[in-house]
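Written out below as structure tokens is the structure these notes cover.
In the working numbering, the protein residues as written are 29 to 139.
In structure tokens form, the structure reads like this:
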């Protein structure tokens, strides 16, 4: 799956993300979190689902989750928290890019 959003291009198959045409380093957990949020873009994703998808069968503290969310926001340039929105009570994240077709082809799809 290849997805383009803002000034970023995500290639899930290659486990690669570019921002402004430069490769961005993400920890494996931050990359997995991004994949989950892209797959569910526009929808609220609960803390329980994030933990199950990114850290299956492992206890994860709230601080660890927050650290990975911060890493991801920094990597994609979401300083204003416009793309990844945190909703409290219960804790959820929403990846706010338009829902649209996602390509599994070689070309990037702009969302």
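All C-beta atoms, glycine included, are put in the ideal place defined by N, C-alpha and C.
Does the beta-carbon of residue i have 16 or more other beta-carbons within 10 angstroms, so that it is buried, or is it exposed?
{"i": "residue 87", "result": "exposed"}
{"i": "residue 31", "result": "buried"}
{"i": "residue 113", "result": "exposed"}
{"i": "residue 69", "result": "buried"}
{"i": "residue 72", "result": "exposed"}
{"i": "residue 97", "result": "buried"}
{"i": "residue 115", "result": "exposed"}
{"i": "residue 106", "result": "buried"}
In the DSSP output, which residue or residues are listed as bridge partners for residue i?
{"i": "residue 13", "result": "No answer is possible for residue 13: the residues shown for the chain start at 29 and end at 139."}
{"i": "residue 113", "result": "122"}
With distance defined between alpha-carbon atoms, name the residue in the options nearest to residue i.
{"i": "residue 33", "options": "79, 51 and 104", "result": "104"}
{"i": "residue 90", "options": "56, 36, 120 and 106", "result": "120"}
{"i": "residue 57", "options": "85, 99, 35 and 107", "result": "99"}
{"i": "residue 47", "options": "36, 85, 67 and 53", "result": "36"}
{"i": "residue 82", "options": "102, 59 and 101", "result": "59"}
{"i": "residue 94", "options": "75, 51 and 124", "result": "75"}
{"i": "residue 55", "options": "108, 77, 110 and 92", "result": "92"}
(message) With three or more beta-carbon pairs closer than 8 Å as the criterion, would you say the segment 59-67 touches the segment 35-44?
(response) yes
(message) Quick check on the DSSP output: what are the complete alpha helix (DSSP H) runs of length 4 or more inside the segment 50-110, in order along the chain?
(response) 56-67, 75-82 and 90-104
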